[in-house]
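In structure tokens form, the structure reads like this:
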């Protein structure tokens, strides 16, 4: 399954996985003398849930930051939708349809949940300043159309009751959900989730897993996620990349990765009996 | 009991988005507009216009402008006085160069000129934040005042170095110069304030406002979700400069009549407007009004109470005012960083449930 062919296939649970939508080719990222990522290549296919796992400091978040344009790798190429991506600013990457959430929640604390999620629609709202100043024409129309879309996402993630609450007042689990809502509002073609379940209890993890699966299922959104909970990763993802000390040590389906000796040594470990 | 949203169902997103979602507020707003436009002009006299109403209207425009920059976009500016001076000198140059064009357009154009200057001095904000940006805008303040004092072209080579507002009319009624009637200057300024407030409100409730607030709350996250920091910050500086420029033009042309950059638009003016939005409430349209009203009324009230009623010497009262303003700033920063607007919000929240809070 890990061949570089571009054919689509159907998973066991009946979802169609399309061709390669993003490909990382020989990415190397250095901070001064420190190599955060060394010569890593992998691809993300349309409609799949792709996990990146590895021990702390393996370079997973750096990898996500490379994808979202926050870091520019010294070597290697990022191919997106069949085209090589020139170096660009993070907001330009976002405008191409790549949305993300953060390990440490990065919401706009002073704004309401609704405003936070509406900000995610930035790509869809292009009215000029003058139209907005007068609240006539395009600006007003856009505001109402996009509000309707945003309300769908708010319904979907079950956060209707906190719509007008300032985000700063929300508990951690809800903030994570609002952040997901903001990323989803952009209708991204790739959604990057950096540890969506960090610091959650089992129940919250189950909720979040369900949301991730539903998002993938209902909107067909391609998802790349970093997660430490192996149970979650193995259950959710179609394919897994394993990193250790900035190098790729495994890539394949959850079952392939689980039986990979290098992965077991570096990360999974063995049960002591 | 009237102050309820229960039973007032919103059936469309447009209605849910409106500025005053509660009917009582909505009615109050229209009543305030009617009083401001149809009642006050008939009862106004020179003292009220010059001591309270004109400064309030004009400072409220400046506070709106600064609040967009500082309160909404999080970019600190200490250059308000300088930018008001740009508005004033731009309107002076325009009024003297094109005497046939209505002063109405001169004031708007002065806003435009100030917007451009403000953007120019706002460019460093792309690289620096917080204190450092404050210092950069402080430099703008001193540079602009120096410029208007030193380059005679700006004051048309007048011997005194002052600029004097020529007499100009709107619909045949004088609004500038010594013969302008109180009600005319009041109405002229009021039109600009109402228009500015509506524009500010529309911008801040829409996508522009969200971009500004996103930059204010977390600039990195804002950039990651697609906000261009350059465009967001520059647009905030431009809109802010536009309002501040209009207020500067009105301050000079309608209120003062004659001005000199250092005296009328010095650093104290920058701080005064900044104090207005801190006391009134950062990131709130209502706060800009409340802060302007508060700092315009405070000296008047102190004078009436201290000098007229208690018979204290004038200088003691003037010093007392400084002490009170300083104390209030510290108090607000510690106790209620969101200012009078937040106190008002809490009151409204309580009113909604009154008299049965449980």
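Residue numbers (my numbering), protein chains in the order written: chain A, 1 to 273; chain B, 1001 to 1358.
Note that the Cβ used here is the ideal one computed from N, Cα and C, for glycine as well.
Q. By how many angstroms is the C-alpha of residue 1129 of chain B removed from the C-alpha of residue 1152 of chain B?
A. If I take the Cα positions, the gap works out to 35 Å.
Q: Could you please give the first and the last residue of the uninterrupted beta strand (DSSP E) stretch that includes residue 194 of chain A?
A: Residue 194 of chain A -> beta strand (DSSP E) spans 190–194.
Q.
Please state whether the Cβ-Cβ distance between residue 1173 of chain B and residue 1184 of chain B is less than 9 Å.
A. The answer is yes: Cβ separation under 9 Å.
Q) Does the pairing of the segment 61–78 of chain A with the segment 24–34 of chain A give three or more beta-carbon distances under 8 Å? A) The segment 61–78 of chain A vs the segment 24–34 of chain A: in contact.
**Q.** CB of residue 181 of chain A within 9 Å of CB of residue 159 of chain A, strictly
**A.** It is a contact, given that the beta carbons lie within the stated cut-off.
Q: Would you identify the three-state DSSP class for residue 158 of chain A, choosing helix, strand or coil?
A: The three-state reading of DSSP puts residue 158 of chain A in coil, since its state is none of H, G, I, E or B.
Q: Indicate the three-state DSSP secondary structure (helix, strand or coil) for residue 218 of chain A in the structure shown.
A: Helix, per DSSP.
(Q) So the candidates are A/233, A/199 and A/228; which of them puts its Cα closest to the Cα of residue 210 of chain A? (A) For residue 210 of chain A, the nearest C-alpha among the options comes from A/233.
**Q.** Contact check, residue 68 of chain A vs residue 1224 of chain B, beta carbons under 9 Å
**A.** A distance below 9 Å separates the beta carbons of residue 68 of chain A and residue 1224 of chain B.
(Q) Just to confirm the assignment, what range does the beta strand (DSSP E) spanning residue 1303 of chain B have? (A) Per DSSP, residue 1303 of chain B belongs to no beta strand (DSSP E) and is neither H nor E.
Q) What's the gap between the Cα of residue 16 of chain A and the Cα of residue 1352 of chain B? A) Whole-angstrom Cα-Cα distance: 52 Å.
Q: State whether the segment 1113–1122 of chain B contacts the segment 1076–1084 of chain B, with contact taken as three or more CB pairs (one from each stretch) at a distance under 8 Å.
A: Contact holds: three or more Cβ-Cβ distances are below 8 Å.
(Q) Suppose only complete runs of 3+ residues qualify. What are the beta strand (DSSP E) ranges in the segment 138–188 of chain A, listed by chain order? (A) The qualifying runs do not exist here; there are none.
Q) Just to confirm, are residue 64 of chain A and residue 52 of chain A a CB contact at a threshold of 9 Å? A) Yes, they are a contact pair.
(Q) By the three-class DSSP mapping on this structure, what secondary structure does residue 976 of chain B have? (A) Residue 976 of chain B is absent from the model: chain B starts at 1001 and stops at 1358.
**Q.** Bridge partner(s) assigned by DSSP for residue 250 of chain A
**A.** Partner(s): A/242.
Q. Which same chain residues, not among the five before or five after residue 87 of chain A, have their C-beta less than 7 Å away from its C-beta?
A. Result list for residue 87 of chain A: 72, in chain order.
Q | Own chain, CB closer than 7 Å to residue 1056 of chain B, minus 5 neighbours either side, in chain order | A | These residues qualify, in order along the chain: 1292, 1293 and 1296.
Q: Look at the alpha carbon of residue 4 of chain A and the alpha carbon of residue 147 of chain A, and state the distance between them as a whole number of angstroms.
A: Its pLDDT being 48, under 50, residue 4 of chain A is placed unreliably by the model, and the measurement read from it follows with that caveat. Between the alpha carbons of residue 4 of chain A and residue 147 of chain A lies a gap of roughly 40 Å.
Q: Work out the CA separation of residue 85 of chain A and residue 108 of chain A for me, nearest whole Å.
A: Cα to Cα, the separation comes out at about 29 Å.
Q | Residue ranges of each beta strand (DSSP E) within the segment 1031–1067 of chain B, 3 or longer | A | Runs of the beta strand (DSSP E) inside the segment 1031–1067 of chain B: none found.
Q: Please report the Cβ distance between residue 1058 of chain B and residue 1251 of chain B, rounded to the nearest whole angstrom; I am assuming they are in contact, meaning their Cβ atoms lie under 8 Å.
A: About 5 Å separates the two Cβ atoms, so the contact holds.
Q | Cβ shell of residue 58 of chain A (< 6 Å), same chain only, five flanking positions each side left out | A | Taken in chain order, the residues that qualify are 243 and 244.
Q. When the Cα atoms are used, what is the spatial distance from residue 1125 of chain B to residue 1306 of chain B?
A. If I take the Cα positions, the gap works out to 44 Å.
**Q.** Distance between beta carbons of residue 1253 of chain B and residue 1073 of chain B, contact taken as under 8 Å
**A.** At roughly 28 Å, the Cβ-Cβ gap does not stay under 8 Å, so residue 1073 of chain B and residue 1253 of chain B are not in contact.
Q. Under 9 Å between the Cβ atoms of residue 1095 of chain B and residue 1166 of chain B?
A. In this structure, the beta-carbon distance from residue 1095 of chain B to residue 1166 of chain B falls below 9 Å.
Q.
Between the alpha carbons of residue 1332 of chain B and residue 1343 of chain B, how many angstroms are there, rounded?
A. Taking the straight line from one Cα to the other gives about 11 Å.
Q) Is DSSP giving residue 1 of chain A helix, strand or coil here? A) Note on residue 1 of chain A: pLDDT 41, under 50, position unreliable in the model; the coordinate value appears next. Annotated three-state conformation of residue 1 of chain A is coil, per DSSP.
Q. Which residues, in order along the segment 126–140 of chain A, keep a beta-carbon less than 8 Å from a beta-carbon of chain B?
A. Those residues of the segment 126–140 of chain A that come within reach of chain B (Cβ to Cβ, closer than 8 Å) are 127, 129, 132, 133, 134, 135, 139 and 140.
Q: Closer than 8 Å, Cβ to Cβ, to anything on chain A: give me those residues from the segment 1138–1163 of chain B, in chain order.
A: Result list empty, no residue passes.
Q. From B/1238, B/1198 and B/1195, pick the residue whose C-alpha is nearest to that of residue 1212 of chain B; which is it?
A. Of the candidates B/1238, B/1198 and B/1195, B/1238 places its Cα closest to the Cα of residue 1212 of chain B.
Q.
Using only the alpha-carbon positions, how far apart do residue 1240 of chain B and residue 157 of chain A sit?
A. Rounded to whole angstroms, residue 1240 of chain B to residue 157 of chain A spans 37 Å at the Cα level.
Q: Give the straight-line distance between the Cα atoms of residue 101 of chain A and residue 1219 of chain B, rounded to the nearest whole angstrom.
A: Those two C-alpha atoms are separated by around 14 Å.
Q. Do you know offhand how far residue 1196 of chain B's Cα is from residue 1205 of chain B's?
A. Straight-line Cα distance between these residues: approximately 14 Å.
Q: Please work out which residues of its chain come closer than 8 Å, Cβ to Cβ, to residue 1037 of chain B, disregarding the five sequence neighbours upstream and downstream, and give them in chain order.
A: Spatial neighbours of residue 1037 of chain B in its own chain (CB-CB distance under 8 Å, excluding positions within 5 residues in sequence) are listed in chain order as 1187 and 1190.
Q. If you check the beta carbons only, do residue 119 of chain A and residue 1227 of chain B fall under 9 Å apart?
A. A contact, by the Cβ cut-off of 9 Å.
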